[in-house]
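**Student:**
2 protein chains.
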Amino acid sequence: MPELEPMQIWERVQLIKDDTRFPLGVLISGSGTNLQAIIDACESGELQARVAVVISNKEGAYGLERARAAGITAVHIDPAQYSDYRAYNHAIAASLEAHGVQLVVMAGYMRLLGNEVLRAFPQAVINLHPALLPAFPGASAIPDAFEWGVKITGVTVHFADEAFDRGPIICQEPVRVEQDDTLETLEAKIHEVEHRMIVEAIRLIITERVSIEGRTVHISEG
Amino acid sequence: MPELEPMQIWERVQLIKDDTRFPLGVLISGSGTNLQAIIDACESGELQARVAVVISNKEGAYGLERARAAGITAVHIDPAQYSDYRAYNHAIAASLEAHGVQLVVMAGYMRLLGNEVLRAFPQAVINLHPALLPAFPGASAIPDAFEWGVKITGVTVHFADEAFDRGPIICQEPVRVEQDDTLETLEAKIHEVEHRMIVEAIRLIITERVSIEGRTVHISEG
């Protein structure tokens, strides 16, 4: 956090207290390009939301820098500092709750989220995945799809549940693998779609247009 | 087969002998709507091909009727009449070879094809699948995708290999599951895409625009 003068701190406290925008918590592990898309959409007013806290399991994640640069509280919660996976996830849930978060966004968070968080935020944890789930789950979705030789892959935003990459799907978009695509150009195309879709999914949820029935997510008209 | 007068038979023999169009063999198990799309494309000249033989593992498959109505040899090869799966597949390969087939099209053929056929037609057996493989392999792809709650599914045409629904992908098209889709409307949309894609895949292959490199299928410019 940059150091602030007492007056500035008081002003910020007032600002946050008076801020009626929807409070998001964002979990990351890396560079935070999707986090940046969310921050930008909040700042431009495209999303009537604010990022209340960013949490990373990796200390050096550049996304923490992005958050701090935008004046957002950025926390490294180190799994190694906790006795077990439950305690670690309990700490995440506690931090999210302490910052008044109402929707948790996994934006490149590369660990399975524990039940401690899922139970604290029922139907309020979403995950962004760079493939058309259930195809290519896991941490290397884009190379996996590329090596498989698919002609269509894409992006999925889904509610997180206790199984990895298996919760109800909110939205999906296809991305075509063109003849001259390399892994790098495909990654670039997918990331571009991700940035757009994560903002759109958050918008649908915070404007209360999303409902879940079994595994099917319904989107009501805007 | 309709009964033919000797002169008609002779005329047909001459016709087939002189027919330089690419000879296809089509394997089916059911109603044969994709077979019909192929027959129509051959008759219209969209495909410079002819269906040399249609083989079904099911005696009552309506696709056999469609073939006969178009003057195409239609054969029921009954798995129960063979000592084992290898012998059954050997009979399929023998029938395809006897009819001079150069490309085998699995169009709603609901059994795993044996190595006897794959080895007789190397890189010349293709399969049509109503999902974006590797998502939703198997015999109930459309209901499986619908029940999963995906927002994007689609159609795949791929080279068959020894693993079910896993060979190199020639082409894929996405199909969006809309808010008001039922299983029936989704099936109708997917079947429409299937009819178009199987013809397109055959066209790419018989015009020698398709090459395989590992798991990646390259399509050269037309």
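For the protein sequence lines, the chains are A and B, in the order given. Position 115 of the first sequence, counted from 1, bears residue number 115 in the working numbering, the numbering being contiguous throughout. Position 219 of the second sequence, counted from 1, bears residue number 219 in the working numbering, the numbering being contiguous throughout. Built from N, CA and C at the ideal position, the CB exists for glycine as well. Since we're looking at a predicted model, the values are computed, not measured.
Are the CB atoms of A/ARG209 and A/ILE202 nearer to each other than 7 Å?
**Tutor:** Residue 209 of chain A sits at position 209 when you count from the first residue of the first sequence. Residue 202 of chain A sits at position 202 when you count from the first residue of the first sequence. It is not a contact, given that the beta carbons lie outside the stated cut-off.
**Student:** Residues bridged to A/ILE212 by DSSP?
**Tutor:** The sequence position of residue 212 of chain A within the first sequence is 212, counting from 1. Looking at the DSSP assignment, A/ILE212 forms a beta bridge with A/VAL217.
**Student:** For A/ALA139 and A/MET110, I'd like the C-alpha separation in whole angstroms.
**Tutor:** In the first sequence, the residue the question calls residue 139 of chain A occupies position 139. In the first sequence, the residue the question calls residue 110 of chain A occupies position 110. Cα-Cα distance, rounded: 7 Å.
**Student:** Using 8 Å for Cβ pairs, my map puts B/GLU130 next to B/ALA141. What's the rounded Cβ distance?
**Tutor:** Here residue 130 of chain B is taken as the residue at index 130 of the second sequence, counted from 1. Here residue 141 of chain B is taken as the residue at index 141 of the second sequence, counted from 1. As written in the sequence, residue 130 of chain B is Pro, which differs from the Glu given in the question. Right, their Cβ atoms sit about 5 Å apart.
**Student:** I'd like to know if A/VAL125 contacts chain B, where contact means its C-beta is closer than 7 Å to some C-beta of that chain.
**Tutor:** To locate residue 125 of chain A, count along the first sequence from 1; it is residue 125. No, A/VAL125 lies away from the interface with chain B (no Cβ there is under 7 Å from its Cβ).
**Student:** For the segment 155 to 174 of chain A against the segment 157 to 165 of chain B, do three or more pairs of beta-carbon atoms, one drawn from each stretch, fall closer than 8 Å, so that the two count as touching?
**Tutor:** No, they do not touch.
**Student:** Using a 10 Å radius around the Cβ and a threshold of 16 neighbouring Cβ atoms, would you call A/MET1 buried or exposed?
**Tutor:** Locating residue 1 of chain A in the first sequence gives position 1, where the first residue counts as 1. Low confidence applies here, because A/MET1 scores a pLDDT of 45, under 50, leaving its location unreliable; read the following figure in that light. Answer is exposed; the Cβ neighbour count stays below 16.
**Student:** Which class does B/ASN34 belong to by DSSP, given the choice of helix, strand or coil?
**Tutor:** By 1-based counting over the second sequence, the position of residue 34 of chain B is 34. B/ASN34: helix per DSSP, three-state reduction.
**Student:** Using 8 Å as the Cβ pair cut-off and three pairs as the minimum, do the segment 46 to 56 of chain A and the segment 18 to 32 of chain A touch?
**Tutor:** Flag = yes, the segment 46 to 56 of chain A and the segment 18 to 32 of chain A touch.
**Student:** Consult DSSP for A/GLY222 and reduce its assignment to one of helix, strand or coil.
**Tutor:** As a first step, residue 222 of chain A must be located in the first sequence, where it is residue number 222. A/GLY222: coil per DSSP, three-state reduction.
**Student:** Assuming contact is defined by CB atoms lying nearer than 7 Å, are B/VAL199 and B/ALA98 in contact in what I supplied?
**Tutor:** Within the second sequence, numbered from 1, the residue matching residue 199 of chain B stands at position 199. Within the second sequence, numbered from 1, the residue matching residue 98 of chain B stands at position 98. No, these two residues do not count as a Cβ contact at 7 Å.
**Student:** Per DSSP, what are the beta-bridge partners of B/GLY60 in this structure?
**Tutor:** Here residue 60 of chain B refers to the residue found at position 60 of the second sequence. DSSP, once it has assigned bridges, lists no residue as partnering B/GLY60.
**Student:** Just to make sure I have the definition right: I need the residues of chain B whose C-beta is within less than 7 Å of the C-beta of A/LEU27. Which are they?
**Tutor:** Position 27 of the first sequence holds residue 27 of chain A. The contacting residues do not exist; A/LEU27 stays about 23 Å from chain B at best.
**Student:** If you run the structure through DSSP and keep just helix, strand and coil, what is B/ALA70?
**Tutor:** For the purposes of this step, residue 70 of chain B is taken as the residue at position 70 of the second sequence. B/ALA70: coil per DSSP, three-state reduction.
**Student:** When the cut-off is 7 Å and only beta carbons count, does B/VAL155 lie next to chain A?
**Tutor:** As a working note, residue 155 of chain B is residue 155 in the second sequence. So no, B/VAL155 is outside the interface.
**Student:** Using only alpha-carbon positions, find the residue among B/LEU64, B/ASP144 and B/LEU96 that is nearest to A/ARG215.
**Tutor:** Taking the first residue of the first sequence as position 1, residue 215 of chain A is located at position 215. Checking every option, the nearest Cα to that of A/ARG215 belongs to B/ASP144.
**Student:** Let me check one thing: in DSSP terms, what residues is A/PHE159 bridge-paired to?
**Tutor:** Position 159 of the first sequence, counted from the start, is the residue given in the question as residue 159 of chain A. Its beta-bridge partners are A/ILE126.
**Student:** Using a C-beta cutoff of 7 Å, does A/ALA226 count as contacting chain B?
**Tutor:** Nothing about residue 226 of chain A can be read from this structure; chain A reaches only from 1 to 222.
**Student:** At a CB-CB cut-off below 7 Å, which residues of chain A make contact with B/VAL150?
**Tutor:** On the second sequence, residue 150 of chain B is found 150 positions in, with the first residue counted as 1. Neighbours of B/VAL150 on chain A, chain order: ILE169 and GLN172.
**Student:** What does B/PRO134 reach in chain A if we use C-beta pairs closer than 7 Å?
**Tutor:** Counting from 1 along the second sequence, the entry for residue 134 of chain B is found at position 134. Near B/PRO134 (Cβ distances below 7 Å), the residues of chain A are ALA135 and TRP148.
**Student:** Take A/LEU132 and list the residues in its own chain whose beta-carbon comes closer than 8 Å to its own, dropping the five residues that flank it on each side.
**Tutor:** The residue you call residue 132 of chain A lines up with position 132 of the first sequence. So the qualifying residues of the chain are ILE152, THR153, GLY154, VAL155, THR156, GLN172 and PRO174.
**Student:** Please list, in chain order, all residues of the same chain as A/ILE169 whose beta carbon is under 7 Å from its beta carbon, the five residues on each side excluded.
**Tutor:** Here residue 169 of chain A corresponds to residue number 169 of the first sequence, with the count starting at 1. LEU133, THR156, HIS158 and VAL217.
**Student:** Taking only beta-carbon positions, decide if A/ARG215 is within less than 7 Å of chain B.
**Tutor:** Numbered from its first residue, the first sequence carries residue 215 of chain A at position 215. Yes, because at least one Cβ of chain B sits closer than 7 Å to the Cβ of A/ARG215.
**Student:** Considering only the alpha carbon of each residue, which of B/ARG86, B/HIS90, B/ILE212 and B/MET106 lies closest to B/ILE38?
**Tutor:** If you number the second sequence from 1, residue 38 of chain B lands on position 38. Measuring from the Cα of B/ILE38, the nearest candidate turns out to be B/MET106.
**Student:** Given a cut-off of 7 Å on the beta-carbon distance, is the pair A/ILE77 and A/ALA94 in contact?
**Tutor:** The residue labelled residue 77 of chain A in the question sits at position 77 within the first sequence. The residue labelled residue 94 of chain A in the question sits at position 94 within the first sequence. No; because the gap between Cβ atoms is not below 7 Å, this pair is not in contact.
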